[in-house]
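In terms of my numbering, the sequence shown has 198 at position 190, counting the first letter as 1, and numbering is strictly consecutive.
Beta carbons: idealized from backbone N, C-alpha and C, even for Gly.
Here the structure is a predicted model, which is why all the values come from computation and not from measurement.
To start, the structure under review is shown below, and the notes come after it.
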Amino acid sequence: RFLRSGKNEIHVMVENDGTAPNPAGLLGALEVQYAYGAPVRLVTDASWTGPDAGVKELGTWTMGPWGLSSGSLPQPDLYPSYERLAGILRSNLATPPDLEAGEALRYAHRKIGKLDAYFIANRSDRPFEDFATFRVHGAEPEWWDPTTGKTRPLPHYYDDRKTTRIPMRLEGLQSGFVIFRPNEKARPASGENFPRLEPMATLEGPWSVAFDPRFGGPASITFPGLADWKDHENEAIRHYSGKAVYTQTFDASSLPSGTAALSLGVVKNLASVRLNGRDLGTVWCAPWQVEIPAGVLKERDNRIEITVANLWANRLIGDAGKPESERVTSTTWSPYNS
């Protein structure tokens, strides 16, 4: 039987080995070893209610006829794994899963007043594009973006009066909130929940990049294209940690009718974007893109400034090979070698 809080029943069968009377057959002793805490010893007499006086008369706990070892035995976990427990519940209960969307998505669900709030995260670095089925019905779904604070309805969904099935699309490692607002009269509408963005242009190079000399970087340099700093031939760039400003002027062959988006690819580790003097925001996690409002992009002479900031590992590695008088950083311990 499984242990539970409060009182528990323990069933033990004792069998006498042989025909000669054995006082141990009239006495029972049991040791319960908890995973965290001291052991609990249960002793009794023939009626299973007496004290441990009889046990003491027969010898110490580790002597015959008990012969009990004081060593701990390996015990399985009290609770099975999440996957095994979920499988047991699905096969024995008629209740559908709280969220069913494959192995890529993980979630947390809580009630906020009358709202059902699901935080969902794509733990894969590949895009997720599939249906997600929520154990909610009679409610309108909304998408809340935690990186921008913007919210919008999810018009395309299926409500079968038990669950709500929503076509979802998340970029690799992207996360967000699906909020259900109760509305029995709500009906799905036309439109895409996550419109697919089509590439308009790619900003190649060259880029003018300004580093901060106070942190050991060159004042300004031209990059023919985007590259990883740690692979640069210039040691001042290879071991640079801090902010750097990428600047470029470009023309747009066509202008979007509404909003557009700028995808930065992969950033190490933060980036702030300005386009034609307009602050487009700061990104620090996937999907590494910012929205370009309508009217900001021009046909000619668009000036873009991207300020990136990395971690200080580069600088610590560079300083490890320098005398203390030439180091930029000061630390009591560094896990890196030059």
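Length of the line joining the Cα atoms of residue i and residue j
{"i": "Arg-311", "j": "Gly-233", "result": "17 angstroms"}
{"i": "Arg-9", "j": "Leu-93", "result": "Unreliable positioning characterises Arg-9 in this predicted model, as indicated by a pLDDT of 43, which lies under 50. A coordinate reading is not provided."}
{"i": "Phe-142", "j": "Met-176", "result": "12 angstroms"}
{"i": "Val-304", "j": "Arg-118", "result": "39 angstroms"}
{"i": "Ala-227", "j": "His-247", "result": "15 angstroms"}
{"i": "Glu-332", "j": "Gly-285", "result": "41 angstroms"}
{"i": "Trp-237", "j": "Pro-295", "result": "21 angstroms"}
{"i": "Pro-301", "j": "His-145", "result": "34 angstroms"}
{"i": "Glu-192", "j": "Arg-169", "result": "10 angstroms"}
{"i": "Arg-282", "j": "Trp-151", "result": "26 angstroms"}
{"i": "Cys-293", "j": "Gly-157", "result": "14 angstroms"}
{"i": "Glu-334", "j": "Gly-326", "result": "10 angstroms"}
{"i": "Ser-338", "j": "Glu-241", "result": "25 angstroms"}
{"i": "Leu-107", "j": "Tyr-115", "result": "8 angstroms"}
{"i": "Val-291", "j": "Ser-271", "result": "10 angstroms"}
{"i": "Ala-321", "j": "Pro-190", "result": "49 angstroms"}
{"i": "Glu-206", "j": "Asp-153", "result": "21 angstroms"}
{"i": "Gly-180", "j": "Pro-161", "result": "22 angstroms"}
{"i": "Thr-172", "j": "Glu-212", "result": "43 angstroms"}
{"i": "Pro-343", "j": "Lys-330", "result": "15 angstroms"}
{"i": "Ala-112", "j": "Leu-324", "result": "36 angstroms"}
{"i": "Thr-340", "j": "Ser-99", "result": "56 angstroms"}
{"i": "Phe-231", "j": "Arg-308", "result": "22 angstroms"}
{"i": "Gly-14", "j": "Ala-147", "result": "40 angstroms"}
{"i": "Gln-182", "j": "Gly-289", "result": "17 angstroms"}
{"i": "Ala-328", "j": "Ala-235", "result": "24 angstroms"}
{"i": "Arg-222", "j": "Lys-306", "result": "36 angstroms"}
{"i": "Tyr-90", "j": "Leu-101", "result": "16 angstroms"}
{"i": "Gly-121", "j": "Pro-104", "result": "23 angstroms"}
{"i": "Asp-239", "j": "Arg-204", "result": "34 angstroms"}
{"i": "Thr-155", "j": "Ala-125", "result": "17 angstroms"}
{"i": "Asn-345", "j": "Ala-244", "result": "17 angstroms"}
{"i": "Trp-16", "j": "Thr-159", "result": "At residue 16 the sequence reads Asn, which differs from the Trp that was named. Spanning the two alpha carbons is a distance of roughly 50 angstroms."}
Residue range of the beta strand (DSSP E) that includes residue i
{"i": "Leu-324", "result": "No beta strand (DSSP E) contains Leu-324, which is instead part of the alpha helix (DSSP H) from 321-328."}
{"i": "Glu-241", "result": "Premise fails: Glu-241 is in no beta strand (DSSP E) and is neither H nor E."}
{"i": "Leu-178", "result": "172-178"}
{"i": "Arg-286", "result": "286-291"}
{"i": "Lys-306", "result": "That residue, Lys-306, is in no beta strand (DSSP E); it is neither H nor E in DSSP."}
{"i": "Ala-279", "result": "278-283"}
{"i": "Pro-374", "result": "What is shown of the chain runs 9 to 346, which leaves residue 374 out entirely."}
{"i": "Arg-160", "result": "159-161"}
Under 8 angstroms between C-beta atoms of residue i and residue j
{"i": "Thr-315", "j": "Ala-269", "result": "no"}
{"i": "Ala-194", "j": "Pro-163", "result": "no"}
{"i": "Val-298", "j": "Gly-224", "result": "no"}
{"i": "Ala-260", "j": "Ala-209", "result": "yes"}
{"i": "Ala-201", "j": "Ile-229", "result": "What sits at residue 201 in the sequence shown is Asn, not Ala. Cβ distance not < 8 angstroms, so Asn-201 and Ile-229 don't count as in contact."}
{"i": "Asp-220", "j": "Gly-250", "result": "yes"}
{"i": "Phe-185", "j": "Leu-123", "result": "no"}
{"i": "Leu-178", "j": "Phe-136", "result": "yes"}
{"i": "Asp-138", "j": "Gly-110", "result": "yes"}
{"i": "Tyr-165", "j": "Pro-149", "result": "yes"}
Boundaries of the alpha helix (DSSP H) in which residue i is found, first to last residue
{"i": "Glu-91", "result": "90-100"}
Residues bridged to residue i [DSSP beta-bridge criterion]
{"i": "Leu-270", "result": "Val-298"}
{"i": "Gly-184", "result": "Ile-128"}
{"i": "Trp-215", "result": "Phe-231"}
{"i": "His-117", "result": "Tyr-126"}
{"i": "Phe-142", "result": "Leu-107, Thr-172"}
{"i": "Tyr-254", "result": "Val-217, Ile-314"}
{"i": "Arg-195", "result": "Partner(s): none; Arg-195 has no beta bridge."}
{"i": "Pro-190", "result": "Ala-147"}
{"i": "Phe-136", "result": "Leu-178"}
{"i": "Asp-167", "result": "Thr-172"}
C-beta neighbour in chain B for residue i, strict 8 angstroms
{"i": "Lys-119", "result": "Structure shown: chain B not included; a single protein chain is present."}
Heavy atom of the ligand PLP within 7 angstroms of residue i beta-carbon
{"i": "Lys-158", "result": "Absent from the structure shown: the ligand PLP. Ligands present: none."}
The region 210-218 / the region 253-263 touching (three or more Cβ pairs under 8 angstroms): yes
Stretch pair the region 315-330 + the region 270-290: three plus CB contacts closer than 8 angstroms: yes
The region 131-145 contacting the region 257-266, beta-carbon criterion three pairs below 8 angstroms: no
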